[in-house]
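J.: Numbering (our numbering), first residue to last: 1131 to 1381.
Virtual Cβ for every residue (Gly too), placed ideally from N, Cα, C.
Here it is, the structure, as structure tokens.
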Amino acid sequence: PMRLNFWRPLTNNDMGHRKATPKSEAEREILAGWIDAGARTILKKIKSEVVGGSVVVKTSLLIPAKDSKADITYTVRPTGAVEVDAQISIAEGTKNPPRVGMQFYIPAKMSEREWFGFGPVENYLDRREGARIGLFRTSIDKMFFRYIDPQEAGNTTDVRTASFIGGGSKLNIDALSKDSLFELSAYPCLPEDIEQAVHSHQLPRRDVNVVNVAAKNKGVGGIDSWGSEPEEAALVKSGKTYNLRFRISGE
């Protein structure tokens, strides 16, 4: 199932932000509420109706972080395409989450990714001077860079359209407008695999790939690696509402 997601594996710079603790346990404790907040989200209200041949499902959700909430509308078209229109509000006074977006699994056989956005290498809001906008294609495995310390990797920003391809199938993800560009990443394993591994060879092969479609990801920082957060523009700030609008369709 597709669910809200507020977490990404920590980077070395994240770990340095709460220096001197193995695997940055202090940082994880501070942000612990966001790790499984998507899974713990409560459905407050749901309403469905048929509009012009499409099924529209409107949901209101309570996110377990103070008064955080989300309103998500799913529109199922006669073609089978599903449009997602989400307004995700992070309550003021909560710790800044590393990510605001949606997460779902696809079969491992869908091993190729194609996207129109920044590339061809991984990029983040504060790490894309060496990237350019274009149409790129590579494998999920190659795009997920295996750092010596397993950590967040493989993100791309300002994505207009993307596809996952393999096993005779194709899954398309498209921004619904020019104002709804999204960030996209895919892991060839589970996020918890990345955080639990000490070395990259310990990352297991799974029968799924994990897809992350985000309104915004926290940047990777790099001002230093022993305390500084990324610059303000690259933070996912609390007290704001984030919009995420995209279409999923198959071929």
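DSSP on I1378, reduced to helix/strand/coil?
T.: In the structure shown, the three-state DSSP call for I1378 is strand.
J.: Using 8 angstroms as the threshold, is the C-beta distance between S1214 and F1246 below it?
T.: Looking at the sequence shown, residue 1214 is not Ser but Val. No; because the gap between Cβ atoms is not below 8 angstroms, this pair is not in contact.
J.: Does the Cβ of A1261 have 16 or more other Cβ atoms within 10 Å, making it buried, or fewer, making it exposed?
T.: buried
J.: How about M1232 and I1295: do their beta carbons lie closer than 8 angstroms?
T.: The answer is no: Cβ separation not under 8 angstroms.
J.: Thinking C-alpha only, which one of V1206, G1369, R1336 is nearest A1238?
T.: R1336
J.: Could you tell me which residues DSSP puts in a beta bridge with P1250?
T.: None; P1250 has no bridge partner.
J.: Here's the rule I'm using: 16 or more other beta-carbon atoms within 10 Å means buried, otherwise exposed. How should T1151 be labelled?
T.: Because the pLDDT of T1151 is 46, which lies under 50, any placement of that residue in the model is unreliable, and the question is left without a value.
J.: Straight-line CA distance for D1354 to V1180?
T.: For D1354 and V1180, the distance between alpha carbons rounds to 53 angstroms.
J.: Taking C-alpha atoms, which residue in G1182, S1184, K1188, A1167 lies nearest to I1176?
T.: Among G1182, S1184, K1188, A1167, the Cα nearest to that of I1176 belongs to K1188.
J.: Can L1301 and I1378 be called in contact, C-beta distance under 8 angstroms?
T.: yes
J.: If we ignore side chains and look at the alpha-carbon of each, how far apart do K1370 and G1357 end up?
T.: Those two C-alpha atoms are separated by around 25 angstroms.
J.: Can you check which of these residues, I1172, A1292, K1367, P1321, is closest to N1226 by C-alpha distance?
T.: K1367
J.: On a Cα-Cα basis, can you pick out the residue from D1309, R1258, E1362, S1293 that is closest to E1244?
T.: S1293
J.: If we define contact as Cβ-Cβ less than 8 angstroms, is P1208 a contact residue for chain C?
T.: The chain inventory of the structure shown lacks chain C, comprising one protein chain alone.
J.: Out of A1167, P1194, I1303, A1316, which one is the CA nearest neighbour of N1253?
T.: A1316
J.: At the level of alpha carbons, what is the spacing between Y1235 and N1342?
T.: 9 angstroms
J.: Do you know offhand how far I1193's Cα is from V1230's?
T.: So the two alpha carbons sit approximately 12 angstroms from each other.
J.: Can you tell me which of the three DSSP states A1162 falls into?
T.: helix
J.: Just the Cα atoms here: how many angstroms apart are A1332 and A1200?
T.: Note that residue 1332 is Gln in the sequence shown, not Ala. Each residue's alpha carbon lies about 36 angstroms from the other.
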